[in-house]
Every structure is written in structure tokens, then in C-alpha cells.
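Asker:
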Ligand code: HEM
């Protein structure tokens, strides 16, 4: 029987001084379960739109809270890591010869995620400090020129009115 | 039932994550789960990354509102794409959760109970999501 690599309990998993295989395995699981949890909440909140669009707009206020930006970044990272690491697993499964290059594959997958996260983090965090516009501001202004009554455009108008 | 049996049938875990192809047995359920995880996983890379880039980076969460979503959903093809994202993501996640439960919850009775709760929540929200996408009526935008 092949060597048992799957940890049987969280305790042994945390004590296990594994190399690449173990930490990617744990992170793969953690990100997968995290995204599933978010997805359940997300689908319920999105489904509200057929019940009442107004209710949906209320729920969106939670997304627009600056603290939620951190959660968004985490979701983005989780999806990218799970995707890149998952693809590595699939490549190894269907092409066993590359198993000898596993360490390099792990670092390649990690590098893709880290490099992609640099501009993503900038785009999502910089606006909080006023260092850059929110993503999509150009499109938004364009849209609000004709759709003046759209909830996102009205909301902005009132915020500006308050600031004046 | 011994603790070994509750994960019996699943392929051997690999050092780098992932599992060998299960040997199959009386039923091929584990073989098909293994195949499904790989096929749906690759499809989900495209669907979910597109979704994240579109809503977070192109539209921007700050500018999101019900009208944008209703505009998008007015296109039946887009709703079909969403049904694909929803179904693949939920079933992929559900099977992943099953792997975790079988690994960590070893007592057969408790395992069954935890599975019952998790399956109900995941399948319940999947059905609700499909219901929303299928019963959506684009005229709610003009009726307001
Ligand atoms: C913070 C990141 C996210 C944002 C801002 C976001 C935004 C949205 C928006 C605006 C909608 C409604 C419009 C549409 O159907 O496209 C939606 C629906 C949906 N999203 Fe996301 N999304 C995010 C992450 C995710 C992730 C990671 C997944 C899957 C793994 C996902 C899966 C879905 C599904 C399945 C629907 C349709 C739900 C239904 O109709 O019941 N989303 N999302």
C-alpha cells in the first residue's frame, strides 16, 4: 500500500512538518471550503433580486462597506489559488511524468497567483486611501449620464449632496 | 463500521494534493466523482475568474446595483451561463465538502448527521439560485 499522505485530523495536519505537498494541500482545502461558504451566502443574496430589487440594493450596502474589501481580496485570492493549484493537480494526474517536477510546478502555480494578486490588490485597496479611483469609475460615470435614476447613481448623488 | 470504511473507495491521496483514480468497485461513484472534480474544476477556472474580474475590476463593487444585474440577466444566454457557473460551483464544492467530512468526522453516526446538514444547505441554496435565474422576469426593470 502506498504511503499515507492524507492527514486524518486537523491536529496532525497542523503538526505535520511537510514540504510543498502539505501546505498546498491544506491551503487547497481551506480556500475551497471558504469559497463554498461565501458562495452559499452569495447565491442567496443574489436571488433576492427576483423577490425585490430594492431588497437586493440594501444587501449590496454590505459589499460597499470598506471592511468588506478585505473579504473580497480574500475571495479573489482563494479562487485564484484554488484554480492554479487545482490545475496543477489535474496536470499531474493526467501526466504522471511531471510528478518528478512537482516542486517546480508548485512554485510556478504559486508565482502565478502572487503575480496576479499584485495589480488586483492595488486596484481594490488603493481607492480606499484615495490613491486611485474605484475600479470601473469611467464606465460608471458614462452610465450615470443617461441612467440618472439608477440606484448606484442616485446613491452617489446623495452622498455628494451630503458632503456639500 | 471501521474508520477505514468511511473513506473506502476513494483513491489514494497524493503527496502534492489530489488523489489517484479510485479503483471503483461495486459502484463507480468514486470514479465518477474523481472525473467530475477534474472536468468541472477546469471549466470553473474560466467561469469564476471571468465572473470575479468582471464584477470586481471592470464594473467595480462600489458601482453595483440591481439595475446592472437586471440588465445583464435580461439576456437569457447570460442566465444560462450563470446556471452553469452555479451548478458546477455548487456540485464541485459539495463533493469537496464531502471529502473533508469523510476525512475529519470519523464516527459513522455523526458523519451521516453532518453530511445531512451540509448537503441540505448546499443543495437548498443551489435550488434557490436556479429558481431565481429561471423565474427572473426582465420586465421588473420597466415596471418600477
Ligand atoms: C467578491 C466577489 C464577487 C462579486 C462582487 C460577485 C458579484 C456578483 C453579481 C453582481 C452577481 C449577479 C449578476 C450575475 O449573475 O452575474 C453574481 C451572481 C452570481 N455569482 Fe458572484 N460575485 C463574486 C464572487 C463569486 C464567486 C467566487 C462565485 C463562484 C465560485 C460566484 C458565483 C456566482 C453565481 C453562481 C451567481 C448567480 C447566482 C444566482 O443566480 O442565484 N460569485 N455575483
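Protein chains in written order, with the numbering used here: chain Y, 223 to 386; chain H, -4 to 139.
Ideal Cβ placement from N, Cα and C applies to all residues, glycine included.
Just so you know, these numbers come straight off a predicted model, no measurement behind them.
Buried or exposed: where does residue 292 (chain Y) fall if 16 or more other Cβ atoms within 10 Å of its Cβ makes it buried?
Answerer: exposed
Asker: In angstroms with no decimal places, state the Cα-to-Cα distance between residue 318 (chain Y) and residue 310 (chain Y).
Answerer: 11 Å
Asker: Excluding five sequence neighbours on each side, which residues of the same chain lie with their C-beta closer than 8 Å to the C-beta of residue 31 (chain H)?
Answerer: 86, 87, 90
Asker: With distances taken from CA atoms, which of Y:304, Y:273, Y:280 is nearest residue 255 (chain Y)?
Answerer: Y:304
Asker: Cα separation between residue 123 (chain H) and residue 326 (chain Y)?
Answerer: C-alpha of residue 123 (chain H) to C-alpha of residue 326 (chain Y): approximately 42 Å in a straight line.
Asker: Using a threshold of 8 Å, state whether the C-beta atoms of residue 117 (chain H) and residue 262 (chain Y) are closer than that.
Answerer: Result yes, Cβ atoms of residue 117 (chain H) and residue 262 (chain Y) sit closer than 8 Å.
Asker: What is the residue span of the alpha helix (DSSP H) that residue 302 (chain Y) lies within?
Answerer: 288 to 316
Asker: Which whole-angstrom value is the C-beta distance of residue 58 (chain H) and residue 362 (chain Y), which I expect to be below 8 Å?
Answerer: 4 Å
Asker: Out of Y:306, Y:272, Y:350, which one is the CA nearest neighbour of residue 129 (chain H)?
Answerer: Y:272
Asker: Decide yes or no for the touch test of the segment 270 to 286 of chain Y against the segment 46 to 65 of chain H: beta carbon pairs closer than 8 Å, at least 3 of them.
Answerer: With three or more CB-CB distances shorter than 8 Å, the segment 270 to 286 of chain Y counts as touching the segment 46 to 65 of chain H.
Asker: Determine, for residue 26 (chain H), whether the minimum Cβ-Cβ distance to residues of chain Y falls below 8 Å.
Answerer: no
Asker: When the Cα atoms are used, what is the spatial distance from residue 251 (chain Y) to residue 95 (chain H)?
Answerer: 8 Å
Asker: According to the Cβ coordinates, are residue 339 (chain Y) and residue 302 (chain Y) closer than 8 Å?
Answerer: yes
Asker: When the distance is taken between beta carbons, is residue 298 (chain Y) closer than 8 Å to residue 47 (chain H)?
Answerer: By the CB criterion at 8 Å, residue 47 (chain H) and residue 298 (chain Y) fall inside the cutoff.
Asker: Using 8 Å as the threshold, is the C-beta distance between residue 364 (chain Y) and residue 51 (chain H) below it?
Answerer: The beta carbons of residue 364 (chain Y) and residue 51 (chain H) sit no closer together than 8 Å.
Asker: For residue 92 (chain H), I'd like the list of residues in its chain whose CB is within less than 6 Å of its CB, leaving aside the five on either flank, ordered along the chain.
Answerer: Around residue 92 (chain H): 113.
Asker: Where does residue 14 (chain H) land, buried or exposed, given buried means 16+ other C-beta within 10 angstroms?
Answerer: buried
Asker: Say whether chain Y places a C-beta atom closer than 8 Å to the C-beta of residue 67 (chain H).
Answerer: By this cut-off, residue 67 (chain H) is not an interface position.
Asker: Would you please verify whether the beta carbon of residue 237 (chain Y) is less than 8 Å from any beta carbon of chain H?
Answerer: The predicted model places residue 237 (chain Y) with a pLDDT of 48, which falls under 50 and marks its position as unreliable, so this point remains unresolved.
Asker: When you compare the CB of residue 84 (chain H) with every CB in chain Y, is at least one pair closer than 8 Å?
Answerer: yes
Asker: How would you label residue 70 (chain H), buried or exposed, when you count the other beta carbons within 10 angstroms and need 16 or more for buried?
Answerer: exposed
Asker: Where does residue 372 (chain Y) fall in DSSP's three states?
Answerer: coil
Asker: Nearest chain H C-beta to residue 368 (chain Y) closer than 8 Å, yes or no?
Answerer: no
Asker: The ligand HEM and residue 84 (chain H): does any heavy atom of the ligand fall closer than 7 Å to the residue's C-beta?
Answerer: Yes, Cβ of residue 84 (chain H) sits closer than 7 Å to a heavy atom of the ligand HEM.
Asker: Counting C-beta neighbours from all protein chains within 10 Å, is the total for residue 253 (chain Y) 16 or more, i.e. buried, or is it exposed?
Answerer: buried
Asker: Assuming residue 26 (chain H) contacts residue 16 (chain H) (C-beta within less than 8 Å), just tell me the rounded distance between them.
Answerer: 7 Å
Asker: For residue 248 (chain Y), tell me which candidate among Y:307, Y:373, Y:283 has the shortest Cα-Cα distance.
Answerer: Y:307
Asker: Who does residue 8 (chain H) pair with in a DSSP beta bridge?
Answerer: Partner(s): H:14.
Asker: My understanding is that residue 65 (chain H) touches residue 135 (chain H), with C-beta atoms under 8 Å, so please give their C-beta distance in whole angstroms.
Answerer: 7 Å
Asker: Given a threshold of 16 other Cβ atoms within 10 Å of its Cβ, counted over all protein chains shown, does residue 357 (chain Y) qualify as buried or as exposed?
Answerer: buried
Asker: Looking at residue 359 (chain Y): is its Cβ nearer than 8 Å to the Cβ of residue 55 (chain H)?
Answerer: yes
Asker: Any heavy atom of the ligand HEM closer than 7 Å to the CB of residue 297 (chain Y)?
Answerer: yes
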